[in-house]
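Protein chains in written order, with our numbering: chain E, 1108 to 1558; chain P, 1108 to 1558; chain R, 1108 to 1558. Don't be surprised by glycine CBs; every beta carbon is placed ideally from N, CA and C. Bear in mind the structure is a predicted one, so any value in this text is a computation, not a measurement.
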Amino acid sequence: QTKPPMSAEEARALKDDIAALRAEIAAMERRLEESGLAAETAAVATAPAAPAAPAPAAAPVQTASVSDTTITWKGAPEIASGDRSFKVKGRIQADAAYVDAPGGLDDPGLGFGNEIRRIRLGGEGRLGGGVGYKLELELSDNVVELVDTVITYETKNWLLSVGNHNQFQALDEMTGDSSGSMMERAAFTDAFNFERRLGVSAQYRGIKDWLFQGGVFTDDIEALSNSSDGPEGGDENNSVGVDGRVVYAPKLGDTQLHLGASAHYRDLNRLSDSSTRYRQRPFVHVSNSRLIGTPSLAVDDETHYGVEFAAIRGPWHVATEGHWLDASQVNGPTANFGGGYAEVGYFLTKGDSRAYKNGIFDRTKPVSPIDRGGLGYVQLNFRYDYLNLNDGSIRGGEQNGYIASLIWGPLDYLRLNLNYAYLDYDGATPLDDGRRNYGVHVTGARIEVDF
Amino acid sequence: QTKPPMSAEEARALKDDIAALRAEIAAMERRLEESGLAAETAAVATAPAAPAAPAPAAAPVQTASVSDTTITWKGAPEIASGDRSFKVKGRIQADAAYVDAPGGLDDPGLGFGNEIRRIRLGGEGRLGGGVGYKLELELSDNVVELVDTVITYETKNWLLSVGNHNQFQALDEMTGDSSGSMMERAAFTDAFNFERRLGVSAQYRGIKDWLFQGGVFTDDIEALSNSSDGPEGGDENNSVGVDGRVVYAPKLGDTQLHLGASAHYRDLNRLSDSSTRYRQRPFVHVSNSRLIGTPSLAVDDETHYGVEFAAIRGPWHVATEGHWLDASQVNGPTANFGGGYAEVGYFLTKGDSRAYKNGIFDRTKPVSPIDRGGLGYVQLNFRYDYLNLNDGSIRGGEQNGYIASLIWGPLDYLRLNLNYAYLDYDGATPLDDGRRNYGVHVTGARIEVDF
Amino acid sequence: QTKPPMSAEEARALKDDIAALRAEIAAMERRLEESGLAAETAAVATAPAAPAAPAPAAAPVQTASVSDTTITWKGAPEIASGDRSFKVKGRIQADAAYVDAPGGLDDPGLGFGNEIRRIRLGGEGRLGGGVGYKLELELSDNVVELVDTVITYETKNWLLSVGNHNQFQALDEMTGDSSGSMMERAAFTDAFNFERRLGVSAQYRGIKDWLFQGGVFTDDIEALSNSSDGPEGGDENNSVGVDGRVVYAPKLGDTQLHLGASAHYRDLNRLSDSSTRYRQRPFVHVSNSRLIGTPSLAVDDETHYGVEFAAIRGPWHVATEGHWLDASQVNGPTANFGGGYAEVGYFLTKGDSRAYKNGIFDRTKPVSPIDRGGLGYVQLNFRYDYLNLNDGSIRGGEQNGYIASLIWGPLDYLRLNLNYAYLDYDGATPLDDGRRNYGVHVTGARIEVDF
């Protein structure tokens, strides 16, 4: 005999009651914990006897330890308890692109290409006491590399990091590749060989709206690996650099401002026995061709500095950067190269806005994702991207790039990115008629999951 | 800073609170009782939680939401909430084998061998809104490769996938290597170079008992990696193929039937500048020797097609496939090769049956695993495995294989596999007396955990 | 004004009440879920549960299934239910070191160096029925390798393992690299090429205070990989060895004693076609230079054996080992090498003591970690480390090492390790004045997270 089901209102009221009870119980638990008598092991809740698991009957009263373990969904579940937490991290980026270069450029690496741009697998967590860690393996170009792999210590105002991480190079470099406005970063970031390196750094956030970042770094972990000798072998690599960046990010009314500047010095030391090149792909990564780039140079130290400006207001954002590199040559003059970009973006979907946190753009989460009946966010961005690799007798070439991107973020942690770029080159790889000034059309698409 | 311990008054107040809560719960229970809702399944426990926020002080009546987070054990725990989920994936396969070839075959790669056949580590999850992902790294032959690495979108009738995945090649290829009836798949699947490739695919399940699968694929992720140039380099690899498969799988009384057919075309394009070989190991993977195989061929496109039949009834199953490959040579005629197998299997343990799902054999779970006092399942399989790599002037050799397997599955996600194979070769690697027709005895064992 | 703290009894009673409330609430939620009106947001769980024990909990009148899933924090959360469990494993070790060798030694691999010493990512779990698994990838020297990758079966007295694991070589080798008393293990462990290998082993713990370990092993997984041929290729590698170890570890009052002995035999078989070297770095791993070491030898089998002694009492511990290797040469006499160490350690922090479990030193957890207002543990260790690679005409050199370490363990799973070593060499790599007897000063630091 079925009785009438509980009404929705009744159920909701009951749920509210239960929620209230839970909150009170939680408060009591905290009291207990503060009294130093709480159980030390976290017990957790659980689930309806999973399939295949026998479901024991109810047990009678007594002891038990209580827990404040929570599970928060961030693409993968973040399990947390007090100041301890853990989350698996993963990233999949699948790219397809078409590089349409002039007919006289006979390079089989152009045309259509596709690839898995990045695969990452790792974890991040907090051990308690302000100590955290992050550990990510990346499989890219068939090589397994470490991406962010750091141990951190965080207080209210300070964040100390040791491990493989970015050297505060530039806004566009530090913004996550799944949070950026284009499929690929500004041309200067690759051309100037930005990469994560092993080092120690400190960040200070103790003055309202200001962020100070600085560190000492050696080289990337692969370069430091000691299994190889010689000037490029990790064993003999004694390059070292210092890096600093300052950000002032006040909120003026509804407008988030970002003003930044960074400076960097690196002594290549024994690495100067090998050679350095500054070059760049035609926007997309699926092509391995570099249409502009310097020859191999014997560089013994690098100084570079950059300025950053960005602003976010409602659906709009603008960002622009300039970055200059002085490469001191062993047997020649110091070569100066430069690059920069300016971009504007707009969300077509109501209520969405570009996220900003800790001195960089953050992942945007759609206000109305498709799993709650919405469309996700749709964002349109335009960027002018400049790179100059000419200095004196070094004729690496010059790029004026005009790039548009249409990004659809149907759900948190999922993006589709459609890009078009027109790259106007001066002094690029010569066509068969000898011309070095020409334009290249690039179309690219990416689907990415990143959590 | 530590807070003072709870006072006696405070403790008394807490006790009063608990008494009050008890009364409220009793009242709520009466309400529930009156609503006549039966209770026998469990849901998840839940707790007050402000995810990622510092634990709030004692909350009053309203706040807090309740949770439906569940943890289901699938080798590793699957954490799920609504249409979001996450599970770590892993696989360990340890092999030992003995290849007993005629004395006149002096190949130090034969005889005893052992290896870790496959190691996989990854994760799979659902982001909500029908979107899911899977990401697996495999360490095999000292190279890290991607296995299934896809982003998926699923509706009631459709499953769309983009990423590295199988091209619906054949029942035996698509059935998981931990769900198959033998340690290694049918000879034609390796000989014809089946592998996962980067592509997009669609699967339609909207007509009862029918499954339609199709996709467009380029090459495997390693081959597409853009860090190398030249005809085999990822940068210049523009191979592309289309693949389709149809399955009709009605249930006739207690018998699960499977009828399938697939067709595949691949244009190797620039890859035709390098060479293609069709060859196969002596059943087990621990040996790197190929006793039969074609010479290197310059192939510019491949067309292949297969037919599949299988049936499962109680402890019995049968399966058979035929697969034919047309390899169009750049400077020669189209070569035609073929292979196939027929197998029968029987579970010695009462109640066990081979699992089948989504057009392939699925993982069998023992009815009485050892952790519930049972023996697990024991399955006996026999397979005839044929491969013909001869066509015209190409004399790659012919194999008639007779294989028996005894599989013990003591627990979900754990298998032990003992195999014996007699491989009867025609036109294989010559013995020192010049004979090319001979038989090889192979014994292999595998223990595998796969979740 | 502090009032008297709540008594242990009162606290326990409170906790019981809370557990009972939780169980009742869980039951109500299940009723709600059955009504189809369960809430959509995830909060988490907590429930009555004694970690790893069946969950006794107050349950009122009616039915309900109770789950016993628990989450225990071990750097990362270990999720467990009954005899099933899972935990992600990870390790980060970042090293910096300075090797101060005499001026006449012109080796650019000396001096300052830094690196990520080890990165590990993996998982371990139990499937039920006594079956478990462990699977770890290590990125070290730019190569991804398997570390412990085993499937295990455990009963009260037995532990059976198959997969890649240690061969019970020595106390110092088997003690985890994050549990050891120095940044690097005793010189003989590297010099004698100890490594994990693929094999099967059994351990017996059925006699009080005794542990018996034995196994049969082939080679490490990389060496066995079948993708390469030739004498060093995995395909043709048929090396095999047997290993055994016995430990007697009684507790005498407050003193934990450890007495151990091990013996090992390995037939290199076809590997004897390639060559074997016995050599060692100057203590730290960031340098790839080996100042002492034998030339390449054609070895066809190795016999080695070791003795172990250790004792722990309160903050003190001592440990000493001796290990001897007989390397039988294909075209020469059997060469005999030896090594050993003796160490003493002391915790400066009150209440801390070195952990010991299953025949090896275990991870020490600080009594007062910094997240509970303490300082963590501070330990001071001294070791004398001897290695002799001279025998007859083979003059590999001799090392007398004097090493001090200062270890700070602020939290579980986090350590900082500061080391100084003076290595007194006889017969080492010659200086430019021909001298081969000299001393080297080494300073090293490591920060490590390991869970």
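Looking only at C-alpha atoms, which of R:1293, R:1213 and R:1299 sits nearest to residue 1490 of chain R?
Of R:1293, R:1213 and R:1299, the residue nearest in Cα terms is R:1293.
For residue 1262 of chain E, count neighbouring Cβ atoms within 10 angstroms of its own Cβ and tell me buried if that reaches 16, exposed if not.
Under this definition residue 1262 of chain E is an exposed residue.
Return helix, strand or coil for residue 1497 of chain E, following the three-state DSSP convention.
Residue state, collapsed to three classes: strand.
Straight-line CA distance for residue 1404 of chain P to residue 1500 of chain P?
The straight-line gap separating the alpha-carbon atoms of residue 1404 of chain P and residue 1500 of chain P is approximately 12 Å.
Relative to the C-alpha of residue 1385 of chain P, which residue among P:1299, P:1207, P:1214 and P:1233 is closest?
The option with the nearest alpha carbon to residue 1385 of chain P is P:1299.
Is residue 1216 of chain P helix, strand or coil when you go by DSSP?
The DSSP-derived three-state label of residue 1216 of chain P is coil.
Do you know whose CA, among E:1525, E:1506 and E:1509, lies nearest residue 1515 of chain E's CA?
Answer by Cα proximity: E:1525.
Apply the 10 Å Cβ neighbour rule to residue 1397 of chain E and answer buried if 16 or more other Cβ atoms are within range, or exposed otherwise.
Burial call: buried.
So, is the C-beta of residue 1190 of chain P closer than 8 Å to a C-beta in chain R?
The beta carbon of residue 1190 of chain P does not come within 8 Å of any beta carbon belonging to chain R, so the residue lies off that interface.
Those residues which DSSP pairs with residue 1490 of chain E across a bridge
Per DSSP, E:1450 and E:1510.
Could you check the C-alpha separation between residue 1437 of chain E and residue 1498 of chain E for me, to the nearest Å?
Rounded to the nearest angstrom, the two C-alpha atoms are 16 Å apart.
Jot down the residue ranges of each uninterrupted beta strand (DSSP E) in the region 1225-1291 of chain E, minimum 3 residues, whole runs only, in chain order.
Fully enclosed beta strand (DSSP E) runs of 3 or longer: 1238-1247, 1250-1261 and 1265-1272.
Partners in chain R for residue 1318 of chain P, counting only beta-carbon separations shorter than 9 Å:
What residue 1318 of chain P touches in chain R: nothing, since even the nearest Cβ is about 31 Å away.
How is residue 1535 of chain R classed by DSSP in three states: helix, strand or coil?
Residue 1535 of chain R sits in coil when the DSSP states are folded into three classes, being neither helix nor strand.
Short CB-CB distance (under 8 Å) between residue 1377 of chain R and chain P:
Chain P, which has a Cβ nearer than 8 Å to the Cβ of residue 1377 of chain R, makes this yes.
With a threshold of 6 Å on Cβ separation, who are the neighbours of residue 1201 of chain P within its own chain once the five nearest residues in sequence on each side are excluded?
Excluding sequence neighbours, residue 1201 of chain P sits near 1223 and 1554.
Closest to residue 1462 of chain E by C-alpha separation, out of E:1471, E:1455, E:1456 and E:1454, would be which residue?
When E:1471, E:1455, E:1456 and E:1454 are compared, the shortest CA-CA separation from residue 1462 of chain E is found for E:1471.
Measuring alpha carbon to alpha carbon, tell me which of E:1260, E:1513, E:1441 and E:1538 ends up nearest residue 1455 of chain E.
Ranking E:1260, E:1513, E:1441 and E:1538 by Cα distance to residue 1455 of chain E puts E:1513 first.
If contacts are defined as beta-carbon pairs under 8 Å, then residue 1492 of chain R and residue 1510 of chain R qualify, I think. What distance do you get, rounded to the angstrom?
The pair is a contact, with the Cβ atoms about 6 Å apart (cut-off 8 Å).
Cross-chain neighbours of residue 1564 of chain R in chain E, by beta carbon under 8 Å:
Past the edges of chain R, shown from 1108 to 1558, lies residue 1564 of chain R, and the structure says nothing about it.
Quick check: what's the CA-CA separation for residue 1141 of chain E versus residue 1232 of chain R?
For residue 1141 of chain E, the pLDDT reaches just 49, beneath the cut-off of 50, and the residue's location in the model is therefore unreliable, although a value from the coordinates is still provided. Straight across, the Cα-Cα distance linking residue 1141 of chain E with residue 1232 of chain R is about 33 Å.
Proximity to residue 1540 of chain R [Cα-Cα], best of R:1177, R:1212 and R:1197:
Ranking R:1177, R:1212 and R:1197 by Cα distance to residue 1540 of chain R puts R:1212 first.
Hey, how far is the Cα of residue 1505 of chain P from the Cα of residue 1447 of chain P?
Each residue's Cα considered, the two are about 12 Å apart.
Can you find a CB in chain R that lies within less than 8 Å of the CB of residue 1478 of chain P?
True, the Cβ-Cβ gap to chain R drops below 8 Å.
For residue 1537 of chain E, which residues of its own chain have a beta-carbon under 7 Å away from its beta-carbon, when the five flanking residues on both sides are left out?
Correct list, in chain order: 1543.
Cα-Cα separation, residue 1260 of chain R to residue 1473 of chain P:
Near 18 Å, if we compare the C-alpha coordinates of residue 1473 of chain P and residue 1260 of chain R.
For residue 1313 of chain R, count the other beta carbons within 10 Å of its own beta carbon; 16 or more makes it buried, fewer makes it exposed. Which is it?
Label assigned to residue 1313 of chain R: exposed.
Where residue 1215 of chain P meets chain R, residues with beta-carbon distance less than 7 Å:
Those are 1343 and 1377, listed as they occur along chain R.
Select from E:1256, E:1239 and E:1237 the residue whose C-alpha is nearest the C-alpha of residue 1245 of chain E.
Of the candidates E:1256, E:1239 and E:1237, E:1256 places its Cα closest to the Cα of residue 1245 of chain E.
Could you check the C-alpha separation between residue 1361 of chain R and residue 1423 of chain R for me, to the nearest Å?
If you draw a straight line from the Cα of residue 1361 of chain R to the Cα of residue 1423 of chain R, it is about 11 Å long.
Cα-Cα separation, residue 1376 of chain E to residue 1326 of chain E:
Our two residues, residue 1376 of chain E and residue 1326 of chain E, have alpha carbons roughly 11 Å apart in a direct line.
Within this structure, are the beta carbons of residue 1197 of chain P and residue 1195 of chain E separated by less than 8 Å?
No, Cβ-Cβ distance for residue 1197 of chain P and residue 1195 of chain E is not below 8 Å.
Can you pull out the residues from the region 1437-1467 of chain P whose beta carbon lies closer than 7 Å to at least one beta carbon of chain R?
Those residues of the region 1437-1467 of chain P that come within reach of chain R (Cβ to Cβ, closer than 7 Å) do not exist; the list is empty.
Can a CB atom of chain R be found closer than 8 Å to the CB of residue 1370 of chain P?
It does not: the Cβ of residue 1370 of chain P has no partner Cβ on chain R nearer than 8 Å.
Is the Cβ-Cβ distance between residue 1183 of chain E and residue 1468 of chain E less than 8 Å?
With respect to the 8 Å criterion, residue 1183 of chain E and residue 1468 of chain E are not classified as neighbours on the basis of their beta carbons.
Along the chain, where does the alpha helix (DSSP H) that runs through residue 1331 of chain E open and close?
Here the alpha helix (DSSP H) through residue 1331 of chain E covers 1328-1331.
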